[in-house]
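These protein sequence lines are chains S and F, in that order. Each residue of the first sequence is one higher than the last, beginning at 1435 in the working numbering. Each residue of the second sequence is one higher than the last, beginning at 192 in the working numbering. All C-beta atoms in this analysis are idealised placements derived from N, C-alpha and C, irrespective of residue type, glycine included. Only a predicted model underlies this, so the values are computations on that prediction, with no experimental measurement involved. Have a look at the structure below, then the notes.
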Amino acid sequence: MKAVLGLADGEYCVGEGFGAEGSCAGELVFTTQMAGYMEALTDPSYAGQILMFTYPLVGNYGVDEQNFQSPSVKAMGCVVREVCGYPAGAPDMKSYFEDHGVFGISGVDTRSLTIRTRLHGTLRASLIVGDDNGDHAVECARNVQPITDLDLISQVSCTQPYRIEGKGKRIAVIDLGIKKNMILSLRRRGADLYVFPHDVRHDEIEACKPQALFLTNGPGDPRNARAAIDCIKRYLGRIPIYGICMGNQVAALAFGAETYKMKFGHRGSNQPVRRKGGQIYITTQNHGFAVDGDTLPEDCEIAFTNLNDGSLEGFSSRYHDVITVQFHPEAHGGPRETEQPFFDMIYRRIP
Amino acid sequence: MPRLPHIQKVLLIGSGPIQIGQAAEFDFSGSQACRALREEGVEVVLVNSNPATIQTDPEMADVIYVEPLKADIIAKIIEKEKPDGILSGMGGQTGLNLTAELAEMGALAGVEILGTPLEAIYRGEDREKFRTLMEEIYEPVPRSMILNHIDQIDEALAQVGLPAIIRPAYTLGGAGGGVAHSPEEMRRIVEVGLQRSRIHQVLIEESVLGWQEIEFEVMRDSANTCLIVCGMENVDAMGIHTGESVVVAPILTLRDDEFQLLRCAAIKIIRALDVQGGCNIQFAYRNGDYRVIEVNPRVSRSSALASKATGYPIARVAAKIAIGLRLDEITNSVTGSTPASFEPAIDYVVVKVPRWPFDKFRRADRTLTTAMKSTGEVMAIGRTVEEAFMKAMRSLDTDISSHSSPNEIRMVLSSPTDERFACLFDAFRTGFSVAEVAELTHILPFFLKKIENIVKMEEVLKSGAASDTIRKAKRLGFSTEEIARLTGRSVDEVEAVAGLPTYKMVDTCAAEFPANTPYFYSTWEDTCEIVPQDHEKVLILGSGPIRIGQGIEFDYCTVHAVMALREEGVEVHIVNNNPETVSTDFDTSDRLFFEPMQLEDVVNILRKDHYAGVMVQFGGQNSVNLAMPLEKRLAELGLATRILGTSPDAMDMAEDRDRFSGILEDLGIPTPPNSAAYSETEARAIAESIGYPVLVRPSYVLGGRAMEIVYDEVELESYMKEAVRVSRQHPVLIDSFLQDAVEIDVDAVCDGEEVLIGGIMEHIEEAGVHSGDSACVIPPQSLSDSVIGRVRDYTVRLALAIGTAGLINIQYAVKDDVVYVLEANPRASRTVPFVSKATGIPLAKVAAKTMLGRKLKDLGYVEKEIRHVAIKEVLLPFNKLPGVDTVLGPEMKSTGEVMGIDYGFGRAFYKACIAADNELPLEGNVFISVTDEQKEEIVPIARKLADHGLALYGTSGTVEALTRAGIATNLVRKVQEGSPNVIDMMRRGEVNLIVNTPAGKKSRQDHYEIMRATMDYGIPYITTMQGARAAAMAIDDITTQEITIEPLRHYHDNS
C-alpha cells in the first residue's frame, strides 16, 4: 500500500503504508527510545502528533497489550524505517494497526527526517495512507493548526470521575491524559485514588477530601489546561501538590511562571537529569513544552535539571509543598531508576 | 568532583600478546585510557610485553616498559617508578590477575588500585565469591557447585545435574571449559579445567543452554551514577561463549519491560561490586526469568564492541572515572557538547561475527562451546538486520564452504561449528523452514526470518532484475557484484539502477544532537551525510579481522601511517571492519568508515569525495590483494585517485615467480632453485631435478592448506592429490628447501632513491618454520660481517630494482655462507612493529611519508646500531584448540608475539620466554626427547642444563646418548610403552620443561601425545634444537646476571 508523509516545509517522502487507509495531520515528532514502541504509541501525551521512531526496526516483539499506557494508540500516526511483520508470540503491529484504524508509514529515511527536525524545529506534517500524492500531503501539512491552538487534552482525559480504591492516603488525580503506570505506581503504595477529568471543578475535588493533588502528563500546550491550573491555585499551600510532565508545567503556570515551546522537545529514554546537588538519573521523557525556570517565583526551587541542555526538569516549593518533575518516573518505557525515589518521596510526604 | 589531586602518576598494565580470548581490544582500550589520563595531566607508566601495540609507542605514555607481564617484574617496575595508582581494568583478565597478585605479594604499598577494586576482581572471577554476592543482592544465578578436586564429581552430578556447564576460574576466554552431557564427559572436562585454572578451581553449573544470552556494558562513577552504554543480544543461544557468538546491538527482541528488568539488575550488580568505571554483565534470559551468568569488572572485547557500536568511548570514560572524575564532568567526545552521563541511542543495527582460525587448523575441534576459539571478529553496521548480516559476511574474508545435503546441514546446525552462521543460509536455500531451523539451533525465529528474507531475495534476483527488486536487494545488503552474479547482468548495469550508497553517521544519539564525529557506515537510504570537500584526502585500508597471519601488527602499521600523514598535514581516512582495534577508534583518523573491504566497498567510498590517493600496503595481504583490481577500477571510472607507494605492477613483480626470478638473475642475487609445475608429472620432474626436500605451495589454495616441505616422491604425490588443484592457471610452486639454513628477515623503507634498513632479524628456529612462527633476534647473533654486508647490499639493490616506494620485507636464507633471497614483499610485514620497538625507528611512519613523496635524506633517519638485544617470541594457540597439530612448519600458526629486551642474548631470550608464558626453569626436571640425528647436537645443551642443577629425564635413545656423554639422565618409558612415562610425570606436576623435537613419521604419535599433555598441563616446552640451545644459553646467563628493568627509552637513547 502506498503512503506519503508531507511536511509543511514543502518536502515529502513516499513510503509503504501500513494499518488503516486514510490520513491524519499534526506535528511530526521523533523519539530515540529503542524499545517500548507500544508504550509510546499508547501514551496519551502523543495525541495530536505523528510519532516517528529513530530506531529503524519497530515491531520486533509485536504488540504487547499488557504494557499499553492507555487502552488504545493515542499518536495520530506512526513513521518508521521498517516494521516487523513476524514477531514471535504476539500479534504483529501491522495487523493491529489495521484492526484499530491506526495509520503507519514505513520505508522512509527516518534519520534524515530527524536531522531535518533537529535543524528546523518540529515540523507540521501529514500522513496519507493509501495514496502517494506528495503535493497534496504537503498542502495538508501546511493546513495543520499550530499545536498551541489545539485542544488535545479533552481528547484523552477521562470524561467521568472514577475511584481506584486503596487503603492508604487519598490522592485526587487530575487526568490530563494519564499513563497507566502512573496509576500503578501510586496504587503500589496503597494510595486511594480519585481520578477526575481535566475540566473538573474545585468543589468536585473537594468532595473527596483529598490529602494530596496529583497532576498527570498530557498532550499539547499546558496553557490549555485551564481548569487544572485553577484547581492548583486553590489548593496551593493547603495540601501537597505533585505532578509529572504536563503536571510539572501546569503547576509552574499556577505559580505564575511561564512555559515555552521547545525547538523539538525531549523524547526518548536516555535523558540525563540531575537532582539539585545530587544524583544523576537516566530518565524517560516526552515533552515539547518546558517551564522557563527564570520565571518561577522565589519560593520555588529548580529541583531537577537536564544535563544535555540545562532545561528545567522539575521544581519544588517547600513553602507550598509542591514537587513536580518533567520526566517520567513511572517509566514504561524506559529506565525505572526514578520510580522508587520519586513515588516513595511524594507518598511519604503526604501528611 | 574534579580528579583526585593525589594521583599524579598511574601504572597501566597492558594485556600482553594477542592470543585466543585476548586480542587487540586491550590495545584499543589501553591506548584510549593513556590518552584520557594524560589529558588530565596524569603521568602514565605503561607495561606490556607486546611490541605490536600502539600503547607501547613513545607518544602514548610517559614511561614505557616492554617487559614480561609477571608480578615480580612489575613489582620491580613499581619500586622504580613509584606510581600513585594502578589502573587495573585496562589489560583484560591479565591486568586484573596481575593486580590481585601484586596486592597479595604486598607490592602495592602506597599504590592505590583505581577503577576496579581488589574485592571486585575476586568477586568477578572467583565463582564462589561471585555467587555469594549475587545471593546477597537477590540476583539469581544458575545452580552450581565449586570443585577443587576431581573426587567431588559425583556430588556435582547430584547437585547440579546434566547437561552442565564447566568453567575454570581465572582463565582467558574461558579456556578449558565446556558443556558436559554425560558423567564421562564431565570428568574429562573437569580434569583439564582444574589444570588450566590459576587457582585450580572449576565451577559446574546448571545448564541454561538454549536460553537467550543478553549482555550489558555498564558504567558507574564515584557519585554512584550508573548507565548502560549498550545492550547486546547474542544471536546464538546460551551454550556458546559470547566471543564465539554472532551478536547484535542494540537488543532487538526484548520488550521494554524485559529490557528494564535486566537493566535494573545490571545496575544493582555494578553498585554491589563497587566498580568505578566499566563493567560487562551477561545474562541468560527466558520468558521473564533470568540468571546472572558472568561479570567482567573491566573493559573487555564486548566493551570494545559496544564502544564501536555506539560511539561511546568506554575505556576513555572509565579511565577518567578511575581518577575521580564524574560522568557529568566528562564530555561526550562525539557531540562535543553533551556530558558522558547519558545512554547512547543508536539508529542502526550492529552485527558482530567472530573469525575462526580453522582455515589454518584443519584438524582442530571446530565445535563452538563455552571456550573461545576465535582469533578475531568483524563488525558491520546497517539500517536493517539483513544488511548488517550481509556486510558482516563480506567483511569476514574467509572461504565459506557451502552445504547442500540436508543431513549435513542438520548436523552443522545442531552441533554448532564455525560454519554454522553461513549454514543457516544454506538451510533456507535447501528448503528448511524457520521453525525447523529454530528447533535445531535455538536461534530466535526473528533472526532466522531475516536470513530467510535474504535467501528469498536471492531467488527473486535469479528470476529477474527489475529495478525495484535491485533496490530492495540493496536495502537487504546485497553487494552490486552479488546482484550482478545472481541476475546475470553486469556490475555497471546493476549500478546504473542502484546508484551509490549513502553514508550515515554514528553519533551516540540517533541524530538528536549535532555530532562532530567523522564516523560513517554505508547504507541504502535517501540522504547521504558526507559533504564532499575540495581539499585532497588519502584513504588507508585497514586489515580487517584478526586472524592467524594477519594480526594486530597490521593495525599498528595502519595507525602509524595515519599518524604520519596527519603530521604531514594530510587529511586521512580509514576503512576497516574490526571493532577491536585502535585504527577503528573514531578519533584516530579524520574520518572512519566501518565497512567491508571488498573492491566495491572501497571504490564506493572513493567516489563519494575527492581522494588524492589510497594506501594499500599497511593492511596486510587482503588490502595488498586489492591493489591491482583497485587500480583497474579507478581507471575505468576515470577517478584521479592514485594508489600511493609501490605501484601494483611493482607488487606483482615481487609476487610473480617468473618476473621475480628475472630480477634476481639480473641483479646476480642467488635464490634457491625453483620452478612452477603445471601438472603432477611436471612436479615430479622438477622436484627430482631440484632435489628433495622441496618446499611446495599452490598458487591457488584449496581449503586453507598451503605450504609444505616434502621429503620424497611419495609425499609429493599425496600433497599434489590432497592439497592442490593443479592446472594451467594455477601452477604449484616448487622451491629447493635449504635444510638447516639460517633464516633472516629484513624490514626496510625505500623512497625510490635510497633505502633505510630498519632491522636485520636472525631467526632462532631453522628454515622451514614459517617466519611468523619463528623467534627472531635483533641484532643477528651468529652471522658473519660478510653475510650481513651481503644482506644489506641485496636489500638495497632489490628494493630499488622492484621500484619500492614505502615498506619492503625481504626474507633470506643463509647456508654454507651463501645468502639466498627467498621472497620479497613490498608492503608492511608483521615484524615492522617489533623492529620499530627494538630500534626506536618508527618504520611505518617513515614509510608512509615516503609514499607521499618525502625523501629519506630529508626525514633524517639512518640505520641504527644497537647495543642491546631484542628478541621476538611468538604465542601459539595450541592450548586453546584441542586436536591441533603442534609441530611448527611452513604454515603459520601463532596468534601473537612478545618482545624480550636486555643487554645480552640469554637475558633477552629468557624474558621473551617468560613473556610468552613459556617460563624457563632454573631448577626442577627437564624431559628431553630428540630424533636420532639430533642426539649428538643435544649433548652440549643437556650438559649446560645439568650443570645448572636441572635433573634430566628422557626415553631410552636419548638417555643412552646422554649417559654415554657422561650426563646423568633418568629413564622414563615412551608413551606407547605405557607407564611410567612422561605424561604421568606431567600429571603429577614433576616436569618443568619439555624439549621434544618432532620426530619422523613413526614416533609422531608419541610426540603428539606429549605435546597435547604439555598444553593441557601448561608446561613450558621447546620443539626445536635451536630453541633448546637458546634456552640453555638463557638459563646459563640468568643464573649469573640480573635481568635489566629499564624503560624502552633507556635502550633507544643508549643506541
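For F:ASN325, collect the residues of the same chain with a Cβ closer than 7 Å to its Cβ; drop the 5 residues on either side in sequence, then sort them by chain order.
Note on identity: in this sequence residue 325 of chain F is Met, with Asn being the wrong assignment. Correct list, in chain order: VAL332 and VAL483.
Contact with chain F by S:GLN1760, beta-carbon distance below 8 Å:
no
Per DSSP, the bridge partner or partners of S:GLY1624
S:GLY1624 is not bridged to any residue.
Can you tell me where the beta strand (DSSP E) with S:PRO1706 in it begins and where it stops?
1692-1709
Test: F:LEU587 CB closer than 8 Å to a CB of chain S
no
Run through DSSP, which three-state label would F:PRO889 get?
strand
CB contact check: F:LEU453 to chain S, cutoff 8 Å
no
Are the segment 734-750 of chain F and the segment 832-842 of chain F in contact at 8 Å, needing three or more beta carbon pairs?
no
What's the call for F:LYS728, buried or exposed, on a 16-neighbour Cβ count within 10 Å?
By the C-beta density criterion, F:LYS728 is buried, having at least 16 other C-beta atoms within 10 angstroms.
Using a Cβ-Cβ distance cut-off of 8 Å, determine whether S:GLU1747 contacts chain F.
no
Suppose contacts are defined by Cβ-Cβ distances below 8 Å. Is F:ASN795 in contact with F:LEU691 by that definition?
In this structure, F:ASN795 places its C-beta atom within 8 Å of the C-beta atom of F:LEU691.
With DSSP as the reference, please indicate the residues paired to F:LYS1063 in a beta bridge.
F:CYS967 and F:MET1090
State the beta-bridge partners of F:ARG738 as determined by DSSP.
F:GLN741
At a Cβ threshold of 8 Å, is S:ALA1469 touching chain F?
Chain F has a Cβ within less than 8 Å of the Cβ of S:ALA1469.
Please confirm if F:PHE637 has its CB atom under 8 Å from at least one CB of chain S.
Yes, contact with chain S.
Chain A beta carbons: is any one of them nearer than 8 Å to that of S:ARG1552?
Chain labels in this structure do not include chain A; the protein chains are S and F.
Jot down the residue ranges of each uninterrupted alpha helix (DSSP H) in the segment 362-438 of chain F, minimum 4 residues, whole runs only, in chain order.
374-387
Pick helix, strand or coil for F:HIS1198, following the three-state DSSP scheme.
In the structure shown, the three-state DSSP call for F:HIS1198 is helix.
Selection from F:GLU435, F:ILE419 and F:CYS417 that minimises the alpha carbon distance to F:ASN425
Of F:GLU435, F:ILE419 and F:CYS417, the residue nearest in Cα terms is F:GLU435.
Identify each residue in the segment 1477-1496 of chain S for which the Cβ-Cβ distance to at least one residue of chain F is less than 8 Å, and report them in chain order.
THR1488, TYR1489, PRO1490, LEU1491, ASN1494 and TYR1495
Excluding the 5 residues preceding and the 5 following F:GLU953 in the sequence, name in chain order all residues of the same chain whose CB lies nearer than 7 Å to its CB.
VAL933, ILE935, CYS967, VAL968, PRO971, GLN972, SER973 and LEU974
Answer yes or no: does any C-beta atom of chain S fall closer than 8 Å to that of F:TYR539?
yes
Member of S:ILE1562, S:ALA1691 and S:ARG1635 whose CA lies at the smallest distance from the CA of S:ARG1657
S:ALA1691
In whole angstroms, what separates the C-alpha of F:ILE521 from that of S:LEU1741?
12 Å
With a threshold of 8 Å between beta-carbons, can F:PRO504 be considered close to chain S, or not?
no
In this structure, how does DSSP classify F:LYS1046 when only helix, strand and coil are distinguished?
Three-state result, F:LYS1046: coil.
I'd like to know whether the C-beta of S:ARG1708 is nearer than 8 Å to at least one C-beta of chain F.
Closer than 8 Å to some Cβ of chain F, the Cβ of S:ARG1708 qualifies, so yes.
Neighbourhood of F:PRO1171 by C-beta distance below 8 Å, restricted to the same chain and skipping five residues each side
VAL1163 and ARG1164
For F:GLY573, I'd like the list of residues in its chain whose CB is within less than 7 Å of its CB, leaving aside the five on either flank, ordered along the chain.
Hits under 7 Å: TYR539, VAL540, ALA579, LYS582, GLY668 and THR714.
Quick check: the Cα distance between S:MET1779 and S:SER1619, rounded to an integer number of angstroms?
One Cα belongs to S:MET1779, the other to S:SER1619, and the distance between them is close to 12 Å.
Please specify which runs of the alpha helix (DSSP H), each continuous and at least 4 residues long, are wholly inside the segment 494-570 of chain F, giving them in chain order.
505-513
Three-state secondary structure assigned by DSSP to S:ASN1501:
helix
Given this structure, state the Cα-to-Cα distance separating S:LEU1584 from S:HIS1636, to the nearest angstrom.
24 Å
Comparing alpha-carbon positions, which option in S:PHE1464, S:LEU1485 and S:VAL1514 lies nearest S:GLY1396?
Given a span of 1435 to 1785 for chain S in the structure shown, any question on residue 1396 of chain S remains unanswerable.
State the Cα-Cα distance for the pair F:ASN339 and F:GLY286, rounded to the nearest angstrom.
24 Å
Quick check on F:LYS728: does DSSP put it in helix, strand or coil?
strand
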